[in-house]
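Here the first sequence is numbered in the numbering used here, starting from 1 and rising by one per residue.
Note that beta-carbon positions come from the ideal geometry of N, C-alpha and C, so glycine has one too.
Below you'll find the structure, written out as structure tokens, and then a few comments.
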Amino acid sequence: MAPERLAELDADDDADDRALPELPNAEAFEEVRMRVAPNPNGPWHLGHARMPAVIGRYKERYDGWMLCRFDDTDPETKRPDLDAYDAILEAIDYLGFEPDEVTRASDRVETYYEHARRLIDAGGAYTCSCGGEEFSAMKNDAEPCPHRDKSAATTREEFDAMVAGEYDSGDVVLRVRTDIEHKNPALRDWVAFRMVDTPHPREAAAEYRCWPMLDFQSGVDDHLFDVTHIIRGIDLQDSAKRQRFVYDYFDWEYPEVVHWGHVQVDAYDVALSTSTIKEQVEAGELDGWDDPRAPTLASLRRRGIRGEAIVDAMAELGTSTSNVDLAMSSVYAKNRELIDDEADRRFLVRDGVERPLVGGPDTAEAPLHPDHEDRGVREIPVGEAVRLEPADLPATGERVWLKSLGPVRNTGDAFEFTDDDIAVVREGDVDVVHWVPAAASVPLRLRTPDGDVTGRVEPGLAAQEAGDVVQFERVGYARIDRLDDDTVAYFAHR
RNA sequence: GCUCCGUUGGUGUAGUCCGGCCAAUCAUCUUGCCCUCUCACGGCAAGGACCAGGGUUCGAAUCCCUGACGGAGCACCA
1 MAPERLAELD
11 ADDDADDRAL
21 PELPNAEAFE
31 EVRMRVAPNP
41 NGPWHLGHAR
51 MPAVIGRYKE
61 RYDGWMLCRF
71 DDTDPETKRP
81 DLDAYDAILE
91 AIDYLGFEPD
101 EVTRASDRVE
111 TYYEHARRLI
121 DAGGAYTCSC
131 GGEEFSAMKN
141 DAEPCPHRDK
151 SAATTREEFD
161 AMVAGEYDSG
171 DVVLRVRTDI
181 EHKNPALRDW
191 VAFRMVDTPH
201 PREAAAEYRC
211 WPMLDFQSGV
221 DDHLFDVTHI
231 IRGIDLQDSA
241 KRQRFVYDYF
251 DWEYPEVVHW
261 GHVQVDAYDV
271 ALSTSTIKEQ
281 VEAGELDGWD
291 DPRAPTLASL
301 RRRGIRGEAI
311 VDAMAELGTS
321 TSNVDLAMSS
331 VYAKNRELID
341 DEADRRFLVR
351 DGVERPLVGG
361 PDTAEAPLHP
371 DHEDRGVREI
381 PVGEAVRLEP
391 ADLPATGERV
401 WLKSLGPVRN
411 TGDAFEFTDD
421 DIAVVREGDV
431 DVVHWVPAAA
441 SVPLRLRTPD
451 GDVTGRVEPG
461 LAAQEAGDVV
471 QFERVGYARI
481 DRLDDDTVAY
491 FAHR
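Laid out in structure tokens, this is it:
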């Protein structure tokens, strides 16, 4: 590799390093081990990309290890969607990362039971049949409930009955014995296991009725997988404090934790919420999860946004605990950098108006890419008439330069070729606009985040392949989705 | 109500721990200019911020106090 190229790579690495702060205490560990722990209750939206993006970047920087652990321990309220497991792995792949290991909490329930029994034997948990509100009232007054001083043996017995499914939902829970007088009420004797009547959608886990809560399951797994660094949202700020009680009973060392705020994204009408998107898809307001109006990763992918652009933008958000707004313009700017060089140029005229053409050449020749003449030219047959976007139509008597074709004057009902030199463009007297031949052009539907637009595109588009990203000159970048009688492109950005 | 956490330009971020090198970094954004047969790409330039008030200090974005604003938890959700 040429030295200057190496220098460039170094510079890139530096830029990445600067975007994210160092992980706390990273040098103290032989290997930085992290996990992304999604709940597979639906396909991912843009906000979900932050975790794999940042963990992926840290994995690269520290030569670390990444686990994808599906925290699917709620068969009811946050019921897993069986398609989401693979969809999430695909999304991680789209972002450019590969987990070193993939696991599902619903496959590890027996492990959680074992640790629950150990915790009970250590005096760290008790079964409790208080009603939720009832317990909450006592807890808020720092009063222990009547079950708190139950013996380990009794608790063992009752927990085994929970595991055996001998209780119904709501009858009894297993609580961690923390500090009922802790000044923060959020940490007092929290629930570790509860009964769920609804079977888990995964067949392998369908028989379990006694399910761990996130704080217990996640806390145990983080230790068992030797996770060194946990990154998670501020909504889980108290989780570490809760889990430390369990870690203390087991004499485990708690991992380093980084909490970050919520991400909002501008530029979307649709909320960044799996359930909201799901409703809109089901109601037919969106044409599926990859509708260009949906703020999902599937949608961005279909629009020709590179995963790397999303990762770059997410890494730039850093890991601060305050809430952040991600500007889509930032993602678009990153993506433009990545795709411009290889995007062939094409003409697309939206909602065009047609004008007969008098005089001029039969064909136009335009470069496929202005910076790469070696890639050749597009030959565009002109025909009897051309179409322009209405905003580009010059007033009667005025001229316009049809890009790669030449200068014309609007005579009112037609365009007449003039013998103007390109100098009129350079002097700023005449605008250069894109156009398509009225007859030879083909219809195209451009799907955008703001709805669909119809137009006509130069016939040479047929030379592209579905999946190509092109730049429709003066319109923007788009990914060709299908090329046939119903040609469709998905708009990326300007 | 109880308990945590945060507040640097339109957006994000660096700097805050260990006060001076910060009249505050970088990116995006907006505007202008250059380049150009694209309003893209590239180049140049400009614009725009330390939540407020007190205090400590020779000196505060940085330390202390008070307040305002914002966020989170107190779920048999994740």
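- Inclusion of Asp-420 and Pro-407 in the CB contact set at 8 Å is warranted, their separation being smaller than that value.
- Counting C-beta atoms within 10 angstroms of its own C-beta, Ala-466 has fewer than 16 neighbours from the protein chains shown and is therefore classed as exposed.
- Going by beta carbons, Thr-319 and Val-54 fall inside the 8 Å limit.
- Per DSSP, reduced to three states, the secondary structure at Leu-20 is coil, with no helix or strand assignment.
- With a contact defined as Cβ atoms closer than 8 Å, Leu-444 and Val-457 qualify at about 4 Å.
- Between Gly-376 and Gly-96 a beta carbon distance of about 31 Å is seen, past the 8 Å cut, so the two are scored as non-contacting.
- Within its own chain, the residues whose Cβ lies closer than 6 Å to the Cβ of Val-102, once the five positions on either side in sequence are excluded, are Cys-68, listed in chain order.
- Between the alpha carbons of Pro-43 and Asp-269 lies a gap of roughly 18 Å.
- For Asn-410, the enclosing beta strand (DSSP E) begins and ends at 406–410.
- Note on Arg-494: under 16 other CB atoms within 10 angstroms of its CB, so exposed under the neighbour-count rule.
- Judged by beta-carbon spacing, Ala-395 lies beyond the 8 Å limit of Arg-378, meaning their Cβ atoms are not closer than that value.
- By the Cβ criterion, the stretch 460–477 is in contact with the stretch 336–345, since at least three pairs of Cβ atoms, one from each stretch, lie closer than 8 Å.
- Comparing alpha-carbon positions, the option among Asp-63, Val-488, Thr-73 lying closest to Gly-304 turns out to be Val-488.
- Within the stretch 35–67, the runs of alpha helix (DSSP H) that reach at least 4 residues and sit entirely inside it are, in chain order, 50–62.
- Here DSSP, grouped into helix, strand and coil, assigns Ile-180 to coil.
- Straight across, the Cα-Cα distance linking His-200 with Ala-192 is about 18 Å.
- Look at Ala-91 here: in three-state DSSP terms it is helix.
- At least 8 Å separates the beta-carbon of Leu-174 from that of Ala-122.
- Cβ contact annotation for Ser-441 (same chain, cutoff 8 Å, sequence separation greater than five): Val-349, Arg-387, Arg-456, Val-457, Glu-458, Pro-459, in chain order.
- For Glu-384, the number of other beta carbons within 10 angstroms of its own is below 16, and it is reported as exposed.
- With contacts defined by Cβ atoms closer than 8 Å, Glu-389 and Gly-352 form a contacting pair.
- The continuous stretches of beta strand (DSSP E) do not include Met-213, and DSSP gives it neither H nor E.
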